[in-house]
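Chemist:
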Amino acid sequence: MKPDLMVKAGIALLALILLSASTYVVGETQQVIITQLGEPKGNPVGDPGLHFKLPFIQTANFFEKRFLEWDGSPNQMPTKDKRFIWVDMYARWRITDPLKFFQRLRDERGAQSRLDDILDGETRNAVASYDLIELVRSSNRPPDSVPIETEEERIVLEEIAKGRRAIAGDVLLAAQGRTVDLGIEILDIRLKRINYVDEVQQDVFARMIAERQRIAERFRSEGQGEAARIQGERQRDLQRIQSEAYRTAQELRGKADAEATAIYADAYGRDAEFYSFIKSLETYERTVDAKTFFVLGTDSDLLRYMRAPK
Amino acid sequence: MNGDRPQGPLDWVPDIRDIRRVQRPRWVNPRFLGIAALALVAIVLLANLSFQIRPEEVGIVLRFGRHVRTTEPGLHFKLPFVEQVLRVPVQRQLKEEFGFRTTEPGIRSQYAANAFTNESVMLTGDLNVAVVEWVVQYRVTDPYMYLFKVRGLTETFRSMSEAVMREVVGDRTVTEVLTVGRQEIATTSERLLQDLVNQYEMGIVIDQIVLQDVTPPDPVKPSWDEVNQAQQQRDRLINEARAEYNKVIPRAKGEAGQAILQAEGYALERVNGAQGDATRFKAVYDAYRRAPDVTRRRLYLETMQRVLPQLGAKVFMDQGTGTVIPLLPLEGLRGLLGDTPPKPGGQR
Chain A
644 MKPDLMVKAG IALLALILLS ASTYVVGETQ QVIITQLGEP KGNPVGDPGL HFKLPFIQTA
704 NFFEKRFLEW DGSPNQMPTK DKRFIWVDMY ARWRITDPLK FFQRLRDERG AQSRLDDILD
764 GETRNAVASY DLIELVRSSN RPPDSVPIET EEERIVLEEI AKGRRAIAGD VLLAAQGRTV
824 DLGIEILDIR LKRINYVDEV QQDVFARMIA ERQRIAERFR SEGQGEAARI QGERQRDLQR
884 IQSEAYRTAQ ELRGKADAEA TAIYADAYGR DAEFYSFIKS LETYERTVDA KTFFVLGTDS
944 DLLRYMRAPK
Chain B
80 MNGDRPQGPL DWVPDIRDIR RVQRPRWVNP RFLGIAALAL VAIVLLANLS FQIRPEEVGI
140 VLRFGRHVRT TEPGLHFKLP FVEQVLRVPV QRQLKEEFGF RTTEPGIRSQ YAANAFTNES
200 VMLTGDLNVA VVEWVVQYRV TDPYMYLFKV RGLTETFRSM SEAVMREVVG DRTVTEVLTV
260 GRQEIATTSE RLLQDLVNQY EMGIVIDQIV LQDVTPPDPV KPSWDEVNQA QQQRDRLINE
320 ARAEYNKVIP RAKGEAGQAI LQAEGYALER VNGAQGDATR FKAVYDAYRR APDVTRRRLY
380 LETMQRVLPQ LGAKVFMDQG TGTVIPLLPL EGLRGLLGDT PPKPGGQR
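Taken in order, these protein sequences are the chains called A and B. Mind the numbering: the first sequence is residues 644 to 953 in my numbering, read in order. Mind the numbering: the second sequence is residues 80 to 427 in my numbering, read in order.
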């Protein structure tokens, strides 16, 4: 190979290396601080695209320009009314001053651990200063009219003074105050999850179960009571109907008997003696039969003509 | 040439001048290699020159990291190596599931809910616990924001969705959440989430939030069912009692009517009978009045005429015969009453 081809290749390679060492690409999501021998130099570069720097002497340090998320690990903490709950917060933050960020926190790992301290601490303070109901509710809206049938089912929502959002707002303000000189800005912090600690949850479940059972009991006893009342009604109505019918029937019979008696009396009363004569004859005729043993005296009227023709 | 120099111990080392003239295969010559290399470079360049955007996407083109243009679906060209393309689905509806995952989409999706109770268990406004599963459906409307404004956009979006849902559920009673409040919860959380998404500059739009299973926690479920059962039990008891009533009372009324009618029948019978008897008597009496003595005698004798032949045993006793020991032959009477023929008593 010709020596000066090699020299040309060598020079080209060197030029390439030099070129790559003096340029850097800033992405749409990045911002860059140029450091010279470890010391920051100049303003942060936020413009995306190709940029130039001194090769080797200057280093490009890249930082996020995007909104970043901090997600706290869930922690057990007590509320003001001594209830233990799991609280899981998340926050949104951003590197606003990469220079300060670089000086104070160095890199994102440092930032995350600082944020952990600050946000965890502020959260604990907030949770311990308020009752659980304040952390759960955000407004005093009245519950929708749910169709309820028993008094037991009526649930009243406790009123709150502050509410979830306002408390999160307080935490945000406090945290923002503490991160002012770190080159970052916390934009939002919210309660992602609140849950009861296991032992407390068991108690809460027991309470819910008892509540429901009370309602169920109420329904059952209502049913039994109403059924008994209807049963009583049935008996009462039955007796009423039967007794009224009896009374009316007896009245009718009585009236009829009275009328019949009056008719008889009127008829037979004209000659009671004749009536008893007729009636006795009929009775004789009906009473005697083949089995009757009859003793007749000869002085009876019937046998009169047996003794003598006159 | 070899013959000019004296032979020595290093004779086996080939002369540098000879190396140059060693035979090489014909194709290994610089020009061919050069052409092959150039062709390779050309191919690579061409491959990096064009790109395809699918119908539901748009392409974001970056040159040296800087966004230079957004391309519609189709075939496009770009500067190789220097320019880079990121694809963003803007027409496709994306979704995030909470409290469950669809493991196999199909006509019947299969859910795996057990592992995601952390996402679905939440506190209600009356400090009870409910289990809520839901889906958020959304679309990308601003691809630039979607790509470059928020890091870990999906994770952040999920955190926001959970926070919003819990905020909305936390303001309602457990009964509302489980029964009448479902629609309202969905629409309210849609609104709140959209506001938050706009505030966070995410470049997405919420299409819909759909609540899936909303239930009380497992240990509590039986007691909720118990309430339903108790309600049904109550209704059943009441209905049974009413049915009993309806079985008994109408029949009693009917029977009462019947008794009254029977009494009326009796009354008519009685009165008519009495009137009949009275009329008959009056007729006989009127006839009797015209000739009382004769009629009396006649009636008497006619009756005797009918009666006496019926008698089984007749004894005629003369009054002058003195007294008779009153002896009542019970044996004989018993015989009379039985099958044996009557024995005549004392006769004279």
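In this text, a Cβ means the ideal position worked out from N, Cα and C, and glycines have one as well. On a predicted model such as this, the values are computed, not experimentally measured, just so you know.
Taking 8 Å as the limit between beta carbons, can you name the residues of its chain near P698(A), skipping five residues before and five after?
Modeler: Position 55 of the first sequence, counting from 1, holds the residue named residue 698(A). So the qualifying residues of the chain are L661, A664 and S665.
Chemist: Is the separation between the beta-carbon of I677(A) and that of F745(A) shorter than 7 Å?
Modeler: The sequence position of residue 677(A) within the first sequence is 34, counting from 1. The sequence position of residue 745(A) within the first sequence is 102, counting from 1. In this structure, F745(A) does not lie closer than 7 Å to I677(A) by Cβ.
Chemist: Listing by chain order, which chain B residues have their CB less than 7 Å from the CB of E777(A)?
Modeler: In the first sequence, residue 777(A) corresponds to position 134, counting from 1. Within 7 Å Cβ-Cβ: nothing; E777(A) doesn't reach chain B, min ~11 Å.
Chemist: Taking the alpha-carbon positions, what's the G689(A) to G144(B) distance?
Modeler: One-based indexing of the first sequence puts residue 689(A) at position 46. One-based indexing of the second sequence puts residue 144(B) at position 65. Distance between the alpha carbons of G689(A) and G144(B): 12 Å.
Chemist: List the residues of chain A whose Cβ lies closer than 9 Å to the Cβ of K157(B), in chain order.
Modeler: Position 78 of the second sequence holds residue 157(B). Those within 9 Å of K157(B) in chain A number zero; the least Cβ separation is about 16 Å.
Chemist: Between the segment 771–786 of chain A and the segment 820–830 of chain A, are three or more C-beta pairs nearer than 8 Å?
Modeler: These segments do not touch.
Chemist: Give the C-beta separation of I803(A) and A769(A) to the nearest angstrom, bearing in mind that I take them to be a contact with Cβ-Cβ under 8 Å.
Modeler: Reading the first sequence from its first residue, position 160 is the one you call residue 803(A). Reading the first sequence from its first residue, position 126 is the one you call residue 769(A). Rounded, the Cβ-Cβ distance is 14 Å, inconsistent with contact.
Chemist: On the criterion of 16 or more Cβ atoms from any shown chain inside 10 Å, does R780(A) qualify as buried, or is it exposed?
Modeler: The residue given as residue 780(A) occupies position 137 in the first sequence. The residue is buried, with at least 16 neighbouring Cβ atoms inside 10 Å.
Chemist: Near T739(A), which residues of its chain fall below 6 Å by C-beta distance, leaving aside the five closest residues on each side in sequence?
Modeler: Within the first sequence, numbered from 1, the residue matching residue 739(A) stands at position 96. Cβ within range, chain order: E828.
Chemist: Below 8 Å, can you find three or more Cβ-Cβ pairs linking the segment 758–772 of chain A to the segment 695–709 of chain A?
Modeler: No contact exists between the segment 758–772 of chain A and the segment 695–709 of chain A.
Chemist: Thinking C-alpha only, which one of D824(A), L800(A), L834(A) and L825(A) is nearest V814(A)?
Modeler: Residue mapping note: residue 814(A) aligns to position 171 of the first sequence, counting from 1. V814(A) has its Cα closest to that of L834(A), out of D824(A), L800(A), L834(A) and L825(A).
Chemist: By the DSSP assignment, the alpha helix (DSSP H) with A734(A) in it spans what residues?
Modeler: By one-based count along the first sequence, residue 734(A) stands at place 91. Element bounds for A734(A): not the alpha helix (DSSP H) but the beta strand (DSSP E), F727 to I738.
Chemist: Name the residues in the segment 132–162 of chain B whose C-beta lies less than 8 Å from a C-beta of chain A; which are they?
Modeler: Here the close residues are L141, R142, F143, G144, R145 and H146.
Chemist: Residue ranges of each alpha helix (DSSP H) run of no fewer than 4 residues wholly in the segment 274–322 of chain B, ordered along the chain?
Modeler: Within the segment 274–322 of chain B, no complete alpha helix (DSSP H) run reaches 4 residues.
Chemist: Find the residues of chain B that neighbour R709(A), judging by a C-beta separation of less than 8 Å, and give them in chain order.
Modeler: By one-based count along the first sequence, residue 709(A) stands at place 66. Within chain B, the residues near R709(A) are F227, K228, V229 and R230.
Chemist: With C-beta atoms as the reference, is S302(B) less than 7 Å away from R737(A)?
Modeler: Indexing the second sequence from 1 puts residue 302(B) at position 223. Indexing the first sequence from 1 puts residue 737(A) at position 94. No, Cβ-Cβ distance for S302(B) and R737(A) is not below 7 Å.
Chemist: So with Cβ pairs under 7 Å, would you call W91(B) a contact of chain A?
Modeler: For the purposes of this step, residue 91(B) is identified with residue 12 of the second sequence, where counting begins at 1. Taking Cβ atoms only, chain A never reaches closer than 7 Å to W91(B), which makes this a no.
Chemist: Quickly, what does DSSP pair P957(A) with across the bridge? List them, please.
Modeler: Outside the displayed span of chain A (644 to 953) sits residue 957(A), for which this structure offers no information.
Chemist: List, in order along the chain, the chain A residues whose C-beta lies closer than 8 Å to that of E319(B)?
Modeler: Residue mapping note: residue 319(B) aligns to position 240 of the second sequence, counting from 1. What E319(B) touches in chain A: A870.
Chemist: Give the interface partners of W213(B) over in chain E, defined as CB-CB distance under 7 Å, in chain order.
Modeler: Absence of chain E from the displayed structure is noted, the protein chains being A and B.
Chemist: Which residues bound the beta strand (DSSP E) around A703(A)?
Modeler: Taking the first residue of the first sequence as 1, we reach residue 703(A) at position 60. From DSSP, the beta strand (DSSP E) with A703(A) extends over Q701 to E707.
Chemist: Can you check whether the CB of A905(A) is closer than 7 Å to the CB of A342(B)?
Modeler: Residue 342(B) sits at position 263 when you count from the first residue of the second sequence. Residue 905(A) sits at position 262 when you count from the first residue of the first sequence. Not closer than 7 Å, so no.
Chemist: Throw me the rounded Cβ distance for the R767(A) and L825(A) pair, which I believe falls under 8 Å.
Modeler: Taking the first sequence and counting its residues from 1, one reaches residue 767(A) at position 124. Taking the first sequence and counting its residues from 1, one reaches residue 825(A) at position 182. No, R767(A) and L825(A) are not in contact; Cβ-Cβ is about 20 Å, not under 8 Å.
Chemist: Just the chain A side, please: which residues come within less than 9 Å of A338(B) by C-beta, in chain order?
Modeler: Mapped onto the second sequence, residue 338(B) falls at position 259. Result: Q885, A888, Y889, T891 and A892.
Chemist: For R947(A), would you say it is in contact with chain B, using Cβ-to-Cβ distances shorter than 7 Å as the test?
Modeler: As a first step, residue 947(A) is located in the first sequence; it is residue number 304 there, counting from the start. No, R947(A) does not count as interfacial toward chain B.
Chemist: In terms of DSSP beta bridges, what is D714(A) paired with?
Modeler: Working through the first sequence from its first residue, we reach residue 714(A) at position 71. Y733(A), per the DSSP bridge assignment.
Chemist: Just confirm the distance between the C-beta atoms of V211(B) and M239(B), as a whole number of angstroms; I'd bet it's less than 8 Å.
Modeler: Position 132 of the second sequence, counted from the start, is the residue given in the question as residue 211(B). Position 160 of the second sequence, counted from the start, is the residue given in the question as residue 239(B). The pair is not a contact, with the Cβ atoms about 16 Å apart (cut-off 8 Å).
Chemist: If contact means a Cβ-Cβ distance below 8 Å, which residues of the segment 806–822 of chain A contact chain B?
Modeler: Cβ contacts with chain B: R807 and R808.
Chemist: Quick check: what's the CA-CA separation for R749(A) versus E162(B)?
Modeler: For the purposes of this step, residue 749(A) is identified with residue 106 of the first sequence, where counting begins at 1. For the purposes of this step, residue 162(B) is identified with residue 83 of the second sequence, where counting begins at 1. So the alpha carbons of these two residues sit roughly 31 Å apart.
Chemist: Over what stretch of residues does the alpha helix (DSSP H) that includes T927(A) continue unbroken?
Modeler: Locating residue 927(A) in the first sequence gives position 284, counting from the first residue. According to the sequence provided, residue 927(A) is Tyr. The question's Thr does not apply to it. Counting along the chain, the alpha helix (DSSP H) containing Y927(A) begins and ends at A915 to T930.
Chemist: What's the C-alpha gap between S772(A) and A849(A)?
Modeler: In the first sequence, the residue the question calls residue 772(A) occupies position 129. In the first sequence, the residue the question calls residue 849(A) occupies position 206. Using only the alpha carbons, I get a separation of about 27 Å.
Chemist: Note the first and the last residue of the continuous beta strand (DSSP E) segment covering E682(A).
Modeler: As a working mapping, residue 682(A) is identified with position 39 in the first sequence. Start and end: E682 to V688.
Chemist: Let me check understanding here. Comparing Cα to Cα, which of Y217(B), L257(B) and A322(B) lies closest to R270(B)?
Modeler: Start at 1 with the first residue of the second sequence, and residue 270(B) comes out as number 191. Ranking the options by Cα distance to R270(B), first place goes to Y217(B).
Chemist: By the 8 Å beta-carbon criterion, what residues does the segment 654–677 of chain A contribute toward chain B?
Modeler: Per Cβ criterion, the list reads V668, V669, G670, E671, T672 and Q673.
Chemist: Given that P698(A) touches chain B, what residues does it touch there, using C-beta distances under 7 Å?
Modeler: Position 55 of the first sequence holds residue 698(A). Result: empty, since nearest Cβ-Cβ is about 18 Å, beyond 7 Å.
Chemist: Identify whether L939(A) lies in helix, strand or coil by the three-state DSSP scheme.
Modeler: Looking up residue 939(A) in the first sequence gives position 296. Three-state DSSP puts L939(A) in a strand.
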